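Below is one structure, written out as structure tokens, with a few remarks after it.
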Amino acid sequence: MNTVRQLDRVVIRFAGDSGDGMQLTGDRFTAETAKLGNDLSTLPNYPAEIRAPAGTLPGVSSFQIHFADSDILTPGDHPEVLIAMNPAALKANLRDLKPGGTIVVNTDEFTKRNLTKVGYDANPLEDDSLEDYQVHPVPLASLTIAALAEFEVSKKDAERSKNMFALGLVSWMYSRPTEATEAFLRGKFKNKPAIAEANIAALKAGWNYGETTEAFPVRFEIPPAKLAAGTYRNVTGNVALAWGITASGVATGLPVFLGAYPITPASDILHELSKHKRFGVTTVQAEDEIAAVGATLGASWGGALGVTTSSGPGIALKSETISLAVSLELPLIVVDVQRAGPSTGMPTKTEQADLVMAMFGRHGEAPIAILAPQSPSDCFDIMLEAARMATRYRTPVMVLSDGYIANGAEPWKLPDMADLPDLSVEFATEMNAVDAKGEQIFLPFQRDPETLARPWAVPGTPGLQHRIGGIEKADGTGDISYDPVNHDHMVRTRAAKIAGIDVPDLEVDDPNGDARVLVLGWGSTWGPIGAAVRALREKGVSIARAHLRYLNPMPHNTAAVLAKYDKVVVPEMNLGQLTMLLRANFPGNDVVGYNKVRGLPFTSNELQEALEEVIKNG
Amino acid sequence: MADVKLDAPTLKAKDFKSSQEVRWCPGCGDYAILAAVQSFLPELGLEREKIAFISGIGCSSRFPYYLNTYGMHSIHGRAPAIATGLAVSRPDLSVWVVTGDGDALSIGGNHLIHALRRNVNLKILLFNNRIYGLTKGQYSPTSEPGKLTKSSPVGSVDAPFNPLSLALGSEATFVARTLDSDRAHLQEVLRAAAEHEGSAFVEIYQNCPIFNDNAFETLKNPDTRDMALIRLQDGEPIRFGDRVVVQSGYGLEVKDAADVDESDVVVHKADVDDPAYAFALSRLSGTELDHTPIGVFRNVKRPTYDEGVRRQVDEAAAGVDRKEALDRLLHSGDTWTVL
């Protein structure tokens, strides 16, 4: 008889060959866990190669999930449980596993050839190299093949179901319901019912293996988290971002136009939005990144909510067109799902090194608004903010997501449609000035005194025909102008327009009010910083934290917030880009960076140590 | 746009003149093209606000500033991409692209070929003067080999594009060529382009009096033009001067009429589905201009990209309450409720 033990949290990593279906296995385990009401956070990690050579270290794909009975902020620093589908997965992930952790290992793959392929001289399952861990050797493949002997599927297809066997076993170990996965498999293989039933049988066989063998004496339960009341779903950043774009169309009342060229890790936004034509969303897969932003700008000119999505290398190509949009003063939303660079870099790995490009990576004085979501679900809200700024101020807005947010998932308390902001837009329809002869005229660059935005007069509007272009324009008339004074005025006016964008104040979390050190982050470091700060406070350390979602303009109280603390620590997955901006814009503060560029999110542990060090050494 | 009707004009050429002073060099072929376009536009039968001209960078790209329509002077080479976005999202507009040999064929080559293969509802006017004018006289992708310019002081070693061959290779459904100096012909070609559903590609030979003067003199000079200029007329045998065009091998060839049986003279048909015919026509002359057809080379029907895109969206979006649908989308799949 198995005993059941209660846990408050656990971190599990599924690891296998990139053909082993680990991402799917992790996704399904996540869905089961979400359904149970645990709080959770996930970290998929996979190679850029679609199928790296089987059984090799570069071919290892993994999916980590942290779930708990209370709210959590990160996918966990170190897994307590590792599911290793082959020797490569064991070797690549063992160093991350907590001492004393549990390893479920697929012994079928531990052949001499596979061991040699990854540099094991001896079988680690047969020597004492794993004695610090609780190892469960399970012949996953052969058990799956045996379980499916009665099914009309090939041996190859049966073997491919071993990930579902593993999922069934781990679902049993952690008391996860599998009904939703069964329904999912029936849907996924609806044209291949034999395959669907084989996968479901493998899933059940895995569950029953845990239940009936004595290999696993303990199973665990993690009670639901006490989250705020509401309806929840699990969501990744890219999906939340795509839905935020869709919602922005609804909120503005404008048709959405997405121009995009496929690029990792942003392509899923294009995939998701191309499914949502019923919202009046048009997606154009352009011939290149430049055409993607060009078509988007053309659609914006015509009165659509224009959005283009890409990653660093693509954003670099779009730079000239973004500058044109600055000059034309038209709305344009540009999403940069950052990845490790420069150049191709590490396309599936995360980084925050495009901040300075977003700020300054254009020719001329070309300021734009910049926003950064702090978590997967925040991508939804940030897109509504991007739509508000772009349409209200007629400006490009760049949204800096990253690979960690894009592919990571978390529970999301679904917003009430009644709370969807009203972002309705008024196009210009009337003449807005009188000329010297007393005749009504239209001035395309006559500005709203409050926002400094110019009228958005879309082609097709009777009587308001006008010409716009990249050549400097006379303020007001929009006529070509090489007047030095006008150019200086226009450069300053475009800068003032961005600087004057209405953004909410920076909120500081400083519960004791006596902290001397402020930790200030932006973007996806929100979770790890929060977990580190929480751990420090549990140890009695006073520390304040704040997080910038608005990077340009920064909240208008930023200077006052920084001035309140002796030291400001800025953790970033770059070499200090926000640190540099803060030092330049708010001199006189002691701003120090904590910087790592490994293509991986910070662990809360390393941040905790780094922050403690700063506090200790003053 | 899908439904341009060449109705009886109610506007006049002067209605299409903007308040901006035209600033091309004296004698530039662009003046003649502008005048021809301004006096043609009333024929579209559209209100001025329904027409949008988008250009890139170059001398020709100043064009939109001088028309009292909606206009955008954009960036180098990108006008077809920008115009694609506008044409897809605004079926009520007639969208025109004005570009040059450098803008369309050098820096913007990719956007041109993709607009043509997609068959977006755009009218693309390529002013080909075979030189970079705005940057003061470097060779262009249509300059003749050996050309002496500021950037090729001992002669260009670049092999040129044949713009019409390129357009045909890009699956263009409408391909034509005309001359800046022949207003009647230019307007006839514009009319056919405007009537075409899909991308219409029009190459206009345009003289640059400053950096490449008389580049098309062979086609304009009364002493040479009759032996060089081939005026294509749909349904008519192709003859010019005392010469005719006949089939030869895989292509076409020019022969003395006297040596050819009347029945062997090729009869021009722009609606021939196989682009090989129009391609062969485009190969009758290269940069040397010795046998240069003008007129409509190819004019065939193919579904347009923008209508295809819109149909998918319109069908999916018909009758949808978007707010309610958004709520359903957010709640789709696995959700759970915390009390």
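For the protein sequence lines, the chains are A and B, in the order given. Just so we're aligned: the first sequence equals residues 1 to 618 in the numbering used here. Just so we're aligned: the second sequence equals residues 1001 to 1339 in the numbering used here. A virtual CB, placed ideally from N, CA and C, is assigned to each residue, including glycine. This one's a predicted model, so the numbers in the text were calculated from it and none came from an experiment.
Span separating the alpha-carbon of I468/A from that of A295/A: 16 angstroms
Where R13/A sits in the DSSP three-state scheme: strand
Contacts around R1117/B, its chain only, beta-carbon distance under 6 angstroms, and the 5 residues preceding and following it disregarded: S1170, E1171
Chain A residues whose Cβ lies nearer than 9 angstroms to that of Q1312/B: K277, T282
For a cutoff of 8 angstroms on Cβ pairs, would you count K243/A as touching chain B? Looking at the sequence provided, one finds Trp at residue 243/A rather than Lys. Closer than 8 angstroms: yes.
Residues of the stretch 1283-1307 of chain B whose Cβ lies closer than 7 angstroms to any Cβ of chain A, in chain order: none
Count the CB pairs spanning the stretch 1084-1094 of chain B and the stretch 257-267 of chain A that are closer than 8 angstroms, and state whether there are at least three. yes
DSSP-derived helix/strand/coil call for C1028/B: coil
What does the Cβ neighbour count give for C1025/B, buried or exposed, with the cut at 16 atoms within 10 Å? exposed
How would you list, in chain order, the residues of chain B whose beta-carbon sits under 7 angstroms from the beta-carbon of D288/A? N1110
Just to make sure I have the definition right: I need the residues of chain A whose C-beta is within less than 8 angstroms of the C-beta of M1227/B. Which are they? None at all; the shortest Cβ gap to chain A is about 41 angstroms.
Under 6 angstroms Cβ to Cβ from P331/A, same chain only, skipping five residues before and after it: list those, please. S300, A390, T391, R394
Interface positions of the stretch 421-452 of chain A facing chain B (Cβ-Cβ less than 8 angstroms), listed along the chain: none
Assuming G1333/B contacts R233/A under a Cβ cut-off of 8 angstroms, what Cβ separation, rounded to an integer in Å, is found between them? 7 angstroms
Tell me, please, which residues DSSP counts as bridged to Y1132/B. Q1138/B
Which partner residues does A369/A have in the DSSP bridge list? V397/A
Measuring alpha carbon to alpha carbon, tell me which residue in V307/A, D378/A, A515/A, V335/A is nearest W412/A. D378/A
Spell out whether any CB of chain B is found under 8 angstroms from the CB atom of R113/A. no
Quick check: E621/A and V597/A, are their CB atoms within less than 8 angstroms of each other? Only positions 1 to 618 of chain A appear in this structure, which leaves residue 621/A out of reach.
If you run the structure through DSSP and keep just helix, strand and coil, what is C1208/B? strand
With P1073/B and S1061/B assumed to form a contact (beta carbons below 8 angstroms), what rounded beta-carbon distance in angstroms separates them? It should be noted that the sequence gives His, not Pro, for residue 1073/B. Yes, H1073/B and S1061/B are in contact; Cβ-Cβ is about 6 angstroms, under 8 angstroms.
Can you give me the C-alpha to C-alpha distance between D1015/B and N1068/B, rounded to a whole angstrom? 7 angstroms
Rounded C-alpha distance that separates A559/A from F586/A: 6 angstroms
Alpha helix (DSSP H) segment containing S488/A, residue limits: It is worth fixing the name first, because residue 488/A is Asp in this sequence and not Ser. Note, D488/A: alpha helix (DSSP H), 484-499.
For A1008/B, count neighbouring C-beta atoms within 10 Å of its own C-beta (all shown protein chains included) and say buried if the count is 16 or more, exposed if not. At A1008/B, the pLDDT of 49 sits below 50, so the modelled position is not reliable; the number obtained from the coordinates is stated separately. That one is exposed.
Express the C-alpha separation of E214/A and T3/A in angstroms, rounding to a whole number. 11 angstroms
Are the beta-carbon atoms of L1034/B and V1022/B separated by less than 8 angstroms? yes
Element boundaries [beta strand (DSSP E), containing Q6/A]: 3-6
Under 7 angstroms Cβ-Cβ, which residues of chain B neighbour W636/A? The requested residue 636/A is not part of the displayed model; chain A covers only 1 to 618.
What are the residues in the stretch 1141-1157 of chain B lying within 9 angstroms of chain A by C-beta distance? none
Cut-off 8 angstroms between Cβ atoms - residues of its own chain near L297/A, not counting five sequence neighbours on either side: G306, T321, L324, A325, L328, L330, L332
Determine, using beta carbons only, whether M398/A comes closer than 8 angstroms to chain B. no
Among M357/A, D483/A, P99/A, nearest to G314/A - alpha-carbon criterion: M357/A
Q577/A: first and last residue of the uninterrupted alpha helix (DSSP H) it sits in: 577-585
Neighbour list for T321/A in chain B, Cβ cutoff strictly below 7 angstroms: I1075, R1078
Which residues in the same chain as T282/A place their Cβ atom closer than 6 angstroms to its Cβ, once the five residues preceding and following it in sequence are excluded? F257
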